[in-house]
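Below: one structure, written as structure tokens.
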Amino acid sequence: MNNQKKIYLDHSATTPVDRAVLEKMLPYFTEKFGNPASIHTIGQEGIIAVDEAREKLAEFLDCKTSEIVFTSGATESNNLSIKGVIKACGLKKPHIITTAIEHLAVLETCQYLERNGVDVTYLKVNRDGIVDIKELEQSIKENTVLVSIMFANNEVGSIQPIKKAGKIIEKANQSRKNKIIFHTDAVQAIQYLDCRPEIYNVDLMSLSAHKFYGPKGVGALYVKAGTKIEKMQQGGHQEYNKRAGTLNVPGIVGLGEAISLIKKDQKKLYQHTLKLKKSLIDRVFSAIPNTYLNGSIEKSLPNIANIRFDKIEGESILLNLDFAGIAVSTGSACTSGTLQPSHVLIAMGISKDKAHGSIRFSFGKNNTDKDIDKVMKVLPNIIVKLRKMSPIK
Numbered sequence: 015m016n017n018q019k020k021i022y023l024d025h026s027a028t029t030p031v032d033r034a035v036l037e038k039m040l041p042y043f044t045e046k047f048g049n050p051a052s053i054h055t056i057g058q059e060g061i062i063a064v065d066e067a068r069e070k071l072a073e074f075l076d077c078k079t080s081e082i083v084f085t086s087g088a089t090e091s092n093n094l095s096i097k098g099v100i101k102a103c104g105l106k107k108p109h110i111i112t113t114a115i116e117h118l119a120v121l122e123t124c125q126y127l128e129r130n131g132v133d134v135t136y137l138k139v140n141r142d143g144i145v146d147i148k149e150l151e152q153s154i155k156e157n158t159v160l161v162s163i164m165f166a167n168n169e170v171g172s173i174q175p176i177k178k179a180g181k182i183i184e185k186a187n188q189s190r191k192n193k194i195i196f197h198t199d200a201v202q203a204i205q206y207l208d209c210r211p212e213i214y215n216v217d218l219m220s221l222s223a224h225k226f227y228g229p230k231g232v233g234a235l236y237v238k239a240g241t242k243i244e245k246m247q248q249g250g251h252q253e254y255n256k257r258a259g260t261l262n263v264p265g266i267v268g269l270g271e272a273i274s275l276i277k278k279d280q281k282k283l284y285q286h287t288l289k290l291k292k293s294l295i296d297r298v299f300s301a302i303p304n305t306y307l308n309g310s311i312e313k314s315l316p317n318i319a320n321i322r323f324d325k326i327e328g329e330s331i332l333l334n335l336d337f338a339g340i341a342v343s344t345g346s347a348c349t350s351g352t353l354q355p356s357h358v359l360i361a362m363g364i365s366k367d368k369a370h371g372s373i374r375f376s377f378g379k380n381n382t383d384k385d386i387d388k389v390m391k392v393l394p395n396i397i398v399k400l401r402k403m404s405p406i407k
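Per the numbering used here, the very first residue in the sequence shown carries number 15; after that it's consecutive.
Written as structure tokens, this is what we have:
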């Protein structure tokens, strides 16, 4: 195994740092190491680099530079969005609307607030993992202050009707004193979809650099001008007084370079990964009986294929593929430490036993048809072997 080429099909968990991104970052670890809050020349090299990265991201999102807040990643961005809005709203019993398939960074934040007196509605999804937009409209109350709906799901890739949701919220806000804030977790969507907040009526948008060939530990939050939000940590006035703490200059530089690279090949990457996804699905279904796609091909991201293999545990498939040098996932990387079935698949109406037999394949720019050839060389035999051993009949 050690001598064979590793095949990485888990790009939804993280992506490798692009070589051009790394080269852009390196000087800010050693040569240009100053604290960007310092007013001397060495410090100012840092703030100039941060400003350049902010301009790149603002250009990508078609927004003002003052609407960009750099964070440690999407988990912090989501926490800041949800807790920050609730803290700033001034209502005794505020109401949040979210979905049952959110990333845990949103879901557990809402659950935490719910335990502390906040009213939360969790919207259902259909078999394709897409939220019921009519239920959103029906769920709005007088005390609703925040709607948080992910742009695209990280496990099955389902693309949510963000534009329709934005129109519903915009219409509701026309006759309200307290404005409903609209937040979206766009972590998985940024690489493949048009994520300009303005066209979706979005007030807050979270993203994370390591999902689009940037470094880990750095992300951003788009905060529409005028949005009421309170910072979650004290100790400084950085990021327009919305996020205290010394800026991660190398990480921010990397994020800026990575976001600028998306524009160059977004359409090409979309088609490339979609071709690989469709090829894998067709070949798996042709070679292996009792296999099913979780979600939809047409209404999902081009790079994610979540495939269910009945009568087997997904963990066993994952380990056997890993032994063969192929990296995949059974769901979100943030839930890999739990034995519970995917909350996303359960919300889609899939039984616990069947949810346990699901594998997420997620493609990236360096994958090729040869990678699928290698998967199909070993996967059918793995499934046959595991089904023979399985107590589930």
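Quick reminder that beta carbons are idealized off the backbone N, C-alpha and C, glycines included.
Take residue i and list the residues in its own chain whose beta-carbon comes closer than 6 Å to its own, dropping the five residues that flank it on each side.
i              : result
lysine 256     : Val83, Lys245
valine 398     : none
threonine 349  : For threonine 349, the pLDDT reaches just 47, beneath the cut-off of 50, and the residue's location in the model is therefore unreliable, although a value from the coordinates is still provided. Answer for threonine 349: no residue qualifies.
serine 153     : Ile111, Thr135
isoleucine 273 : Lys70, Leu71, Phe74
Locate the beta strand (DSSP E) running through residue i, then write down its first and last residues.
i              : result
tyrosine 42    : Looking at the DSSP string, tyrosine 42 is not in any beta strand (DSSP E), and its letter there is neither H nor E.
leucine 137    : 133–137
tyrosine 236   : 233–237
isoleucine 286 : The sequence given here places histidine at residue 286; isoleucine does not occur at that position. Premise fails: histidine 286 lies in the alpha helix (DSSP H), 263–301, not in any beta strand (DSSP E).
threonine 305  : 305–307
serine 220     : 218–222
aspartate 367  : Careful: aspartate 367 lies outside any beta strand (DSSP E), inside the alpha helix (DSSP H) at 366–369.
histidine 109  : 109–113
isoleucine 318 : 318–323
isoleucine 373 : 372–376
Using only alpha-carbon positions, find the residue among the options that is nearest to residue i.
i              : options                        : result
serine 162     : Ser172, Ser404, Ser189, Thr123 : Thr123
valine 99      : Thr135, Thr241, Glu37          : Thr241
lysine 291     : Ile243, Asp387, Lys238         : Asp387
lysine 229     : Leu269, Gly250, Thr89          : Reading off the sequence shown, one finds proline at residue 229, where the question assumed lysine. For the residues Leu269, Gly250, Thr89, the minimum Cα distance to proline 229 belongs to Leu269.
aspartate 367  : Asn334, Leu335, Pro405, Thr55  : Pro405
alanine 239    : Ser26, Thr55, Thr79, Tyr22     : Thr79
isoleucine 213 : Lys313, Lys181, Tyr227, Asp199 : Lys181
alanine 203    : Thr158, Leu150, Gly309, Gln280 : Gln280
glutamine 285  : Asn304, Val267, Leu315         : Leu315
lysine 38      : Ile266, Lys278, His370         : Ile266
tyrosine 126   : Asn93, Gln152, Lys106, Ala102  : Asn93
glutamate 169  : Lys379, Asn381, Phe375         : Phe375
alanine 338    : Ala301, Ala119, Asp385, Phe299 : Asp385
glycine 309    : Ala369, Ala186, Ile331, Ile154 : Ala369
aspartate 65   : Ile302, Pro264, Lys325, Leu333 : Pro264
isoleucine 243 : Gly104, Thr28, Glu45           : Gly104
valine 298     : Phe323, Ser189, Val120         : Phe323
alanine 51     : Ala341, Gln252, Leu400, Leu335 : Gln252
isoleucine 326 : Lys97, Thr305, Ala341, Lys20   : Thr305
glutamine 354  : Asp336, Glu329, Gly378, Phe377 : Glu329
leucine 23     : Val358, Leu400, Ser343, Ser372 : Ser343
lysine 313     : Val31, Asn167, Tyr42           : Asn167
lysine 185     : Glu151, Phe165, Ser172, Val201 : Glu151
asparagine 187 : Gln205, Lys155, Ile173         : Lys155
Within its chain, find whatever has a CB closer than 8 Å to the CB of residue i; leave out the 5 residues flanking it on each side and keep chain order.
i              : result
asparagine 262 : Phe84, Ser86, Gly231, Val232
isoleucine 295 : Leu307, Ile311, Ala319, Ile321
alanine 34     : Glu271, Leu275
aspartate 383  : Leu290, Ser293
serine 300     : none
Skipping 5 residues on each side, what residues in its chain have a beta carbon closer than 7 Å to that of residue i?
i              : result
lysine 402     : none
asparagine 49  : Gly57, Gly60, Thr260
arginine 68    : Thr79, Ile82
isoleucine 183 : Val161, Ile194, Phe196, Asn215
tyrosine 236   : Leu75, Cys77, Glu81, Ile82, Pro211, Leu218, Met219
glutamine 5    : Here the chain comprises residues numbered 15 to 407, so residue 5 is not present and cannot be evaluated.
tyrosine 254   : Ser80, Val83
tyrosine 136   : Thr112, Thr113, Ala114
threonine 158  : His109, Ile111, Ile194
Taking the alpha helix (DSSP H) that residue i falls in, what are its first and last residues?
i              : result
leucine 71     : 55–75
asparagine 334 : 328–337
serine 91      : 88–103
valine 398     : 383–403
serine 153     : 147–153
isoleucine 204 : No alpha helix (DSSP H) holds isoleucine 204; DSSP gives it neither H nor E.
valine 120     : 118–129
Item to complete: Please confirm if the region 96–114 is in contact with the region 190–203, defined as three or more CB-CB distances below 8 Å between the two stretches.
Response: The region 96–114, when compared against the region 190–203, does touch it at the 8 Å Cβ threshold.
Worksheet item: Taking three-plus beta-carbon pairs below 8 Å as touching, is the region 387–394 in contact with the region 171–182?
Response: No: the two stretches stay apart, fewer than three of their Cβ pairs being nearer than 8 Å.
Practice prompt. Give a yes or no on contact between the region 139–154 and the region 360–375, applying the rule of three or more CB pairs nearer than 8 Å.
Written response: Verdict: yes, contact present.
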